[in-house]
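Worksheet for the structure shown next.
In the working numbering, the protein residues as written are 86 to 377.
Here you go:
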């Protein structure tokens with residue numbers, strides 16, 4: 086009997102896969118390798134960089150007090166956005182997963198609608214709300230709670246609030262997709278065996294939904310790291326993050342420094358992804374065991 090060849094060994098597979106693979110190599114891998122090369126080059130006053138290998142860009146980025154402050158701020162903002170998105174997103178996703186299919190579809194569309202609006206537009210909207218003459222300060226002054234308008238913009242709080250409104254839908258949808266795939270009979274079986282709703286949630290629902298939690302957390306973390314426009318408008322010059330330093334380095338034609346900072350950002354993203362996977366891996370293993 087003739088054994089069928091695996092799909093990836095058939096000529097048709099490579100005929101279809103070759104164009105996107107080639108496009109990925111040309112448009113993503115090659116520029117990334119070039120950027121990695123530039124990050125080890127010395128700066129030059131007459132050209133973008135000189136072809137002399139050095140570790141000075143990384144040493145300076147990881148030893149400079151201001152850069153270390155930006156790294157700490159970046160980790161603080163991402164941790165805050167990630168934590169609040171998870172705390173707010175999971176209950177909403179739980180309610181969403183228990184809706185009827187038609188109502189769930191409508192709610193999903195409502196959640197996705199803000200994503201169609203540019204981040205620049207939304208950031209300017211928050212400037213009008215949180216600014217010195219914005220809605221929040223006007224209301225507080227009218228109520229007599231404050232006499233002088235509060236300085237909300239250019240702070241940690243303003244950046245976190247703006248990023249939350251942008252990234253919360255990603256967390257909700259990622260978790261909701263995992264929750265809707267869970268068989269409701271598993272939860273009912275746990276309760277029939279004497280588990281209270283809280284224990285049934287922690288022993289059944291949470292482990293089985295952990296893949297969606299992991300994907301949502303990584304998505305929110307990565308998007309927070311790269312959210313330059315929102316940070317520039319709501320943080321201003323007073324509250325910059327590491328992505329702001331990358332932009333400043335590019336603007337002043339310090340390409341080697343910008344490349345090194347970019348790879349530090351990439352290293353933070355990869356490290357965060359690994360930590361999230363390690364933290365949630367026991368729950369995923371437990372969930373698969375209970376599902377079987």
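Where a beta carbon is used, it is the ideal one built from N, C-alpha and C, also for glycine.
Own chain residues within Cβ distance below 8 angstroms of residue i, not counting five before or after
i, result
"residue 329", "155, 313, 316, 317, 320"
"residue 146", "152, 342, 345, 346, 349"
"residue 209", "318"
"residue 121", "344, 348"
"residue 135", "126, 127, 128, 129"
Own chain residues within Cβ distance below 7 angstroms of residue i, not counting five before or after
i, result
"residue 165", "245"
"residue 238", "212, 215, 216, 319, 321"
"residue 370", "Because residue 370 carries a pLDDT of 49, less than 50, the predicted location of this residue cannot be relied on, and the following value inherits that uncertainty. None."
"residue 201", "none"
"residue 170", "249, 252, 253, 256, 305"
"residue 189", "181"
"residue 104", "none"
"residue 311", "328"
According to DSSP, residues forming a beta bridge with residue i
i, result
"residue 135", "127"
Contact set for residue i: own chain, Cβ-Cβ below 6 angstroms, skip 5 residues either direction
i, result
"residue 331", "343, 346, 347"
"residue 306", "163, 167, 357"
"residue 243", "215, 237, 319"
Pair within 8 angstroms by beta-carbon distance, residue i and residue j
i, j, result
"residue 361", "residue 266", "no"
"residue 263", "residue 365", "no"
"residue 338", "residue 119", "no"
"residue 340", "residue 123", "yes"
"residue 253", "residue 174", "yes"
"residue 275", "residue 289", "yes"
"residue 308", "residue 158", "no"
"residue 241", "residue 324", "yes"
"residue 223", "residue 231", "no"
"residue 218", "residue 199", "no"
What alpha helix (DSSP H) runs, 4 residues minimum, are completely inside the region 171-241?
186-197, 204-215, 220-227
Taking contact to mean at least 3 C-beta pairs separated by less than 8 angstroms, is the region 251-266 in contact with the region 163-183?
yes
Does the region 350-357 come close enough to the region 274-283 to have 3 or more Cβ pairs within less than 8 angstroms?
Two segments are said to touch when three or more pairs of C-beta atoms, one from each, lie closer than 8 angstroms; by this definition the region 350-357 does not touch the region 274-283.
What are the uninterrupted segments assigned as alpha helix (DSSP H) that are 4 or more residues long and contained completely in the region 269-329, given in chain order?
269-277, 282-285, 291-310, 313-320
Flag this pair as touching only if the region 121-129 and the region 139-154 have three or more C-beta atom pairs under 8 angstroms; answer yes or no.
At 8 angstroms Cβ cutoff, the stretches touch.
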